[in-house]
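Residue numbers (the working numbering): 207 to 557.
Let me begin by presenting the structure, written as structure tokens, before commenting on it.
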Ligand code: FDP
């Protein structure tokens with residue numbers, strides 16, 4: 207008889223049984239993230255048919271146009287987690303201020319930060335989308351947490367992961383003991399373990415970045431991307447460019463196949479675009495737990511001292527050797543050198 211599929215519920219319960227003193231609260235929390243994924247995936251499957259594409263006409267706290275699906279996804283997280291009673295605070299990319307649930311405290315000690323719909327520009331063209339989440343624990347036993355308690359360093363996360371809405375829906379997470387990926391089987395409505403202990407290759411052949419921003423980049427960043435495009439058999443260059451416009455999808459590809467994703471700081475905007483607490487930190491932890499690396503270009507993402515809920519940060523993430531190379535270029539410690547062989551490929555023999 208073939209192996210019986212392992213559901214998310216059973217997998218988490220198995221892991222929980224190995225941790226004496228575990229209450230099951232945390233396992234339940236991951237199951238609720240899974241439920242959010244099922245509800246949103248269902249809307250996305252029919253999005254072109256039920257008038258939920260396009261914008262709401264509003265601008266969010268980040269100064270970005272709000273899509274109807276951003277709002278629906280945000281509401282879904284709020285409803286599921288309010289009803290579950292499992293968290294005492296929620297913070298979202300779509301909300302200026304966190305939502306606090308004093309009625310769930312002190313039983314609920316976890317707090318959830320999330321980007322409810324990542325890659326919003328993909329909504330109206332049936333391209334991949336995602337959601338990213340980070341869980342931290344309230345550090346106060348004597349009082350209900352406030353906004354500042356959600357503003358925590360990446361190393362303080364207790365769980366992190368993402369939902370990917372692609373041809374199939376996936377939930378990928380870490381609690382600091384490796385990374386596991388589950389694929390939603392729509393026939394039975396269950397997430398099934400499909401990627402146990404994900405390991406990112408030490409080097410890849412893919413880079414993902416919005417190259418339309420090339421002229422806004424620093425000299426070091428430009429040189430790195432130029433270097434990736436120079437042919438060189440020994441180092442496997444040129445790399446292939448892959449960019450979907452959905453951070454989750456781009457990082458997921460790199461998690462499985464190796465390579466590098468870059469959303470760097472720009473001239474006049476050194477903080478970059480992506481958000482530290484609910485985009486960079488959770489993905490950085492996932493990638494580190496799979497054996498990769500995540501950097502601002504000058505330091506480890508998980509060590510960035512956060513100051514604000516919606517803080518932005520440059521993100522360079524992926525295979526360890528690729529991220530290390532990128533850091534060297536960005537810090538002006540390295541220059542692209544053209545070997546004789548590269549020159550030959552580019553301009554022909556004997557030129
Ligand atoms: P979006 O604003 O469309 O939600 O979360 C930010 C994000 O998407 C990432 O998913 C994506 O990788 C990036 O921004 C896309 O930004 P650019 O359009 O500047 O490339």
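Positions of the beta carbon are idealized from the N, C-alpha and C atoms, including for glycine.
Here DSSP, grouped into helix, strand and coil, assigns residue 324 to strand. Across the set 495, 253, 476, the C-alpha of 253 shows the shortest separation from the C-alpha of residue 334. Per the DSSP secondary-structure output, residue 475 pairs in a beta bridge with 472.
In the three-state reduction of the DSSP assignment, residue 516 falls in the coil class. If you check the CB distance, residue 377 and residue 367 come in under 8 Å.
Cβ contact annotation for residue 306 (same chain, cutoff 6 Å, sequence separation greater than five): 295, in chain order. By the CB criterion at 8 Å, residue 493 and residue 339 fall outside the cutoff.
When the Cα atoms are used, residue 246 and residue 423 turn out to be separated by approximately 35 Å. Taking 8 Å as the cut-off, the Cβ atoms of residue 369 and residue 386 do not count as close. For residue 261, the CB contacts under 6 Å within the same chain, skipping 5 residues up- and downstream, are 271, 273 in chain order. Note that the C-beta distance between residue 284 and residue 314 is not below 8 Å. With contacts defined by Cβ atoms closer than 8 Å, residue 303 and residue 362 do not form a contacting pair.
Under DSSP, the beta-bridge partners assigned to residue 396 are 391.
Between the segment 404-413 and the segment 464-483, the count of C-beta pairs closer than 8 Å reaches three or more; the two stretches touch. By the Cβ test, the segment 341-350 is not in contact with the segment 427-434, since fewer than three Cβ pairs between them sit closer than 8 Å. Residue range 335-343 is occupied by the beta strand (DSSP E) that includes residue 339. Listed as beta-bridge partners of residue 306 by DSSP are 295. In summary, residue 210 is exposed, with fewer than 16 beta-carbon neighbours lying within 10 Å of its beta-carbon over all protein chains present. Looking at the DSSP output, residue 420 shares a beta bridge with no other residue. Between the ligand FDP and the CB of residue 326, the shortest heavy atom gap is smaller than 7 Å. Spatial neighbours of residue 541 in its own chain (CB-CB distance under 7 Å, excluding positions within 5 residues in sequence) are listed in chain order as 429. In this structure, residue 520 keeps its C-beta atom at 8 Å or more from the C-beta atom of residue 449. Going by beta carbons, residue 317 and residue 351 fall inside the 8 Å limit. When 496, 277, 502, 364 are compared, the shortest CA-CA separation from residue 381 is found for 364.
In the pairwise beta carbon analysis, the segment 471-482 is classified as touching the segment 498-516: at least three pairs are separated by under 8 Å. The Cβ neighbour count for residue 509, taken over all protein chains shown within 10 Å, is under 16; the residue is labelled exposed. Within 7 Å of the C-beta of residue 451 there is at least one heavy atom belonging to the ligand FDP.
If you look at residue 380, you'll find it isn't in any alpha helix (DSSP H); it sits in the beta strand (DSSP E) that goes 375-380. For residue 357, the three-state secondary structure derived from DSSP is coil. Taken through DSSP and simplified to helix, strand or coil, residue 448 comes out as coil. The shortest C-alpha to C-alpha distance from residue 454 to any of 332, 269, 235, 324 is the one to 324.
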